[in-house]
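> For the record, the sequence lines run as chains A and B. Residues -2 to 130 (this note's numbering) make up the first sequence, in order. Residues 115 to 158 (this note's numbering) make up the second sequence, in order. Built from N, CA and C at the ideal position, the CB exists for glycine as well. Attaching a single structure in structure tokens format; questions to follow.
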Amino acid sequence: MKVLGYKHRLDEIGATAVFVTFDDPEPVRERLLAGLDVPYPVLVDRERETYRAWGLRRSSVAGVWLDPRLWARYASLLVRGERLRRPGSDTLQLGGDFVIDREGIVVYARSQERDDRPPVGELLAALRRSSLD
Amino acid sequence: METGLVRPGLPAPPLELPTLACDRFDLADLRGHPALVSFLRHAG
């Protein structure tokens, strides 16, 4: 949700955003959105039907939990004094980012492979291109 | 049924879901604006 720090850039482009989660609303509010001001809709897909419809798959256990970058990130959080929490409902479900144009056509699509996300600049560039079409 | 990742150039699949605020959302509400649709992983 790094893009939230670039709301002014989205406003300049005339773009908007929507987030989709599959967890219960309570942990989403208490963990994922804690301390964040989210001026965009956050949708709840408990059955993950839209995840499947948009082609977002589940990773393998090894794909997520044997990734050294994941453990490096956890180590970094612990060093900063953060407390690790019990994972959410399904640690294997992958997310993804899409940009749709003003007519509802997908112009950018990228699924996660693990915890990776595209750079915010890449998303902003796709939004800017679609605003110019 | 799991399908492949939705491809650029195709219409966005439906996205009609409740919001955290329990409103109904429809992707058509975003028409007229480019939009980022970000699917999140677990709440962590």
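1. How many angstroms separate the CA atom of P22 (chain A) from the CA atom of R155 (chain B)?
2. How would you call G123 (chain B), buried or exposed, if buried means at least 16 neighbouring beta carbons within 10 angstroms?
3. Using a C-beta to C-beta distance shorter than 9 Å, which residues of chain B count as neighbours of W51 (chain A)?
4. With which residues is D18 (chain A) paired in a DSSP beta bridge?
5. If I follow the unbroken alpha helix (DSSP H) through V151 (chain B), where does it start and stop?
6. Quick one: is G146 (chain B) buried, meaning 16 or more other Cβ sit within 10 Å of its Cβ, or exposed?
7. Identify the continuous beta strand (DSSP E) that holds V103 (chain A) and give its terminal residues.
8. Distance cutoff 8 Å, beta carbons only. Does R26 (chain A) sit that close to anything in chain D?
9. Based on the DSSP secondary-structure assignment, which residues constitute the bridge partners of T133 (chain B)?
Based on what the coordinates show:
1. One-based indexing of the first sequence puts residue 22 (chain A) at position 25. One-based indexing of the second sequence puts residue 155 (chain B) at position 41. When only Cα atoms are considered, P22 (chain A) and R155 (chain B) end up about 14 Å apart.
2. On the second sequence, residue 123 (chain B) is found 9 positions in, with the first residue counted as 1. G123 (chain B) should be labelled exposed.
3. As a working mapping, residue 51 (chain A) is identified with position 54 in the first sequence. For W51 (chain A), the chain B residues whose Cβ falls inside 9 Å of its Cβ are T117, L119, V120, A126, P127, L129, V151 and F153, in order along the chain.
4. Counted from its first residue, the first sequence places residue 18 (chain A) at position 21. The question names Asp, but residue 18 (chain A) is Thr in the sequence shown. Under DSSP, the beta-bridge partners assigned to T18 (chain A) are A:V41.
5. By one-based count along the second sequence, residue 151 (chain B) stands at place 37. In this chain, V151 (chain B) is not harboured by any alpha helix (DSSP H); it is covered by the beta strand (DSSP E) spanning A149 to F153.
6. On the second sequence, residue 146 (chain B) is found 32 positions in, with the first residue counted as 1. That one is exposed.
7. Here residue 103 (chain A) refers to the residue found at position 106 of the first sequence. Segment V103 to S108, the beta strand (DSSP E) holding V103 (chain A).
8. Note that chain D does not occur in the displayed structure, where the protein chains are A and B.
9. Reading the second sequence from its first residue, position 19 is the one you call residue 133 (chain B). DSSP output for T133 (chain B) lists A:L40 as bridge partner(s).
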